[in-house]
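Below is one structure, written out as structure tokens; the observations come after it.
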């Protein structure tokens with residue numbers, strides 16, 4: 210199911226006023242998992258656990274939380290035109306897939322850029338990106354990169370090392386506050402980024418400048434590239450630490466659509482909003498649990514394992530029929 214829009218209309222206006230938005234969001238979430246698993250099978254590799262954990266978060270953001278205009282970017286992405294500079298007038302960002310940047314609309318900053326395939330899948334599921342865009346995934350000269358950059362679909366900034374995006378989002382939010390713009394700035398992060406000192410510096414800055422116009426959704430799947438966060442370097446008690454830095458924190462089940470959406474409907478305060486979404490990195494694909502605690506990137510060990518995941522995809526596809 211694709212969301213249809215008309216010029217100048219908010220893509221999620223119908224969903225925002227419909228009691229059935231949860232059904233649509235659920236379809237999007239399941240579509241994200243299916244699409245990322247299918248891509249991983251075709252390419253013998255992919256960031257699969259990230260799709261399992263974050264599918265409901267991204268589905269809720271795109272179908273319920275964020276106020277975005279229709280995409281103004283080409284459904285099949287342009288090729289890389291060079292890095293931004295005063296001498297390169299052809300450079301561009303991927304922000305257009307999230308609609309025009311006007312004072313009353315929201316902005317979306319995507320931080321964990323290794324989740325790029327998951328974001329592309331989400332954009333396809335909500336009708337902002339063409340399915341054939343993935344044919345250029347990770348190809349030379351393509352903007353549909355394995356590790357997203359500012360020119361990749363749905364990305365507005367290059368996050369570089371994890372934790373840089375929240376700093377950039379803070380600057381955007383401060384500028385919007387000074388201009389008295391009504392639109393908010395939403396950030397998607399992974400919990401591993403809270404092992405970075407820059408994250409905490411950014412949060413201190415958000416609180417100091419009283420940036421209540423910024424909201425951060427955290428995929429707290431308790432995993433990072435070297436295994437479980439608790440084994441590498443714990444970040445708990447994360448909610449209490451965030452509150453100590455001045456954030457308004459809501460800890461939720463990251464697979465509960467209503468719980469994810471609820472904080473965004475609360476009155477805006479003068480504190481940054483953080484939705485700490487506790488998620489399962491094997492959600493919808495229990496077969497992944499066999500790889501624990503190393504879940505970061507999936508490359509199939511042999512044909513037998515490949516066949517088991519192919520069967521899992523068939524089951525996922527069957528569960529989506531009739532929706």
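In our numbering, the protein residues as written are 210 to 532. Just so it is clear, CB atoms sit at the ideal spot from N, CA and C, and this is done for glycine as well.
Status (buried if at least 16 other CB within 10 Å, exposed otherwise) for residue i
{"i": "residue 476", "result": "exposed"}
{"i": "residue 532", "result": "The pLDDT assigned to residue 532 is 49, lower than 50, so where the model puts this residue is not dependable; a value taken from the coordinates is nonetheless given after this. Exposed is the call here."}
{"i": "residue 387", "result": "exposed"}
{"i": "residue 430", "result": "buried"}
{"i": "residue 273", "result": "buried"}
{"i": "residue 523", "result": "exposed"}
{"i": "residue 495", "result": "exposed"}
{"i": "residue 421", "result": "buried"}
{"i": "residue 501", "result": "exposed"}
{"i": "residue 292", "result": "exposed"}
{"i": "residue 317", "result": "buried"}
{"i": "residue 255", "result": "buried"}
{"i": "residue 572", "result": "Because the chain spans 210 through 532 in this model, residue 572 falls outside it and cannot be assessed."}
{"i": "residue 262", "result": "buried"}
{"i": "residue 478", "result": "exposed"}
Distance, residue j Cα to residue i Cα
{"i": "residue 230", "j": "residue 378", "result": "27 Å"}
{"i": "residue 357", "j": "residue 453", "result": "32 Å"}
{"i": "residue 521", "j": "residue 338", "result": "25 Å"}
{"i": "residue 381", "j": "residue 414", "result": "13 Å"}
{"i": "residue 275", "j": "residue 396", "result": "11 Å"}
{"i": "residue 250", "j": "residue 257", "result": "10 Å"}
{"i": "residue 223", "j": "residue 233", "result": "In this prediction, residue 223 scores a pLDDT of 38, lower than 50, which makes its location untrustworthy; no coordinate-derived value is stated."}
{"i": "residue 411", "j": "residue 512", "result": "45 Å"}
{"i": "residue 284", "j": "residue 342", "result": "7 Å"}
{"i": "residue 369", "j": "residue 362", "result": "16 Å"}
{"i": "residue 286", "j": "residue 493", "result": "29 Å"}
{"i": "residue 360", "j": "residue 236", "result": "28 Å"}
{"i": "residue 393", "j": "residue 510", "result": "44 Å"}
{"i": "residue 483", "j": "residue 527", "result": "35 Å"}
For residue i, the residue or residues it bridges with in DSSP
{"i": "residue 457", "result": "482"}
{"i": "residue 316", "result": "394"}
{"i": "residue 524", "result": "Its beta-bridge partners do not exist; DSSP assigns none."}
{"i": "residue 462", "result": "487"}
{"i": "residue 342", "result": "Residue 342 pairs with nothing; no bridge assigned."}
{"i": "residue 428", "result": "399, 486"}
Check: residue i C-beta below 6 Å from any heavy atom of the ligand ATP
{"i": "residue 424", "result": "Absent from the structure shown: the ligand ATP. Ligands present: none."}
Cutoff 7 Å: residue i Cβ touching any chain D Cβ
{"i": "residue 373", "result": "Any reference to chain D falls outside this structure, which holds one protein chain only."}
Check whether the region 394-408 and the region 440-457 are in contact - that is, three or more C-beta pairs closer than 8 Å.
yes
As an exercise, report each continuous alpha helix (DSSP H) stretch of at least 4 residues that is fully enclosed by the region 355-413, in chain order.
373-387, all fully within the region 355-413.
Three or more C-beta pairs below 8 Å linking the region 422-429 and the region 250-270
yes
Within the region 235-292, note down every full alpha helix (DSSP H) run reaching 4 residues or more, in order along the chain.
257-269
Could you say if the region 387-400 and the region 345-363 meet the contact criterion of at least three C-beta pairs nearer than 8 Å?
no
Quick check: the region 307-326 against the region 274-294, are there 3 or more CB pairs under 8 Å?
yes
Please determine if the region 504-519 and the region 460-473 are in contact, where contact requires at least 3 C-beta pairs separated by less than 8 Å.
no
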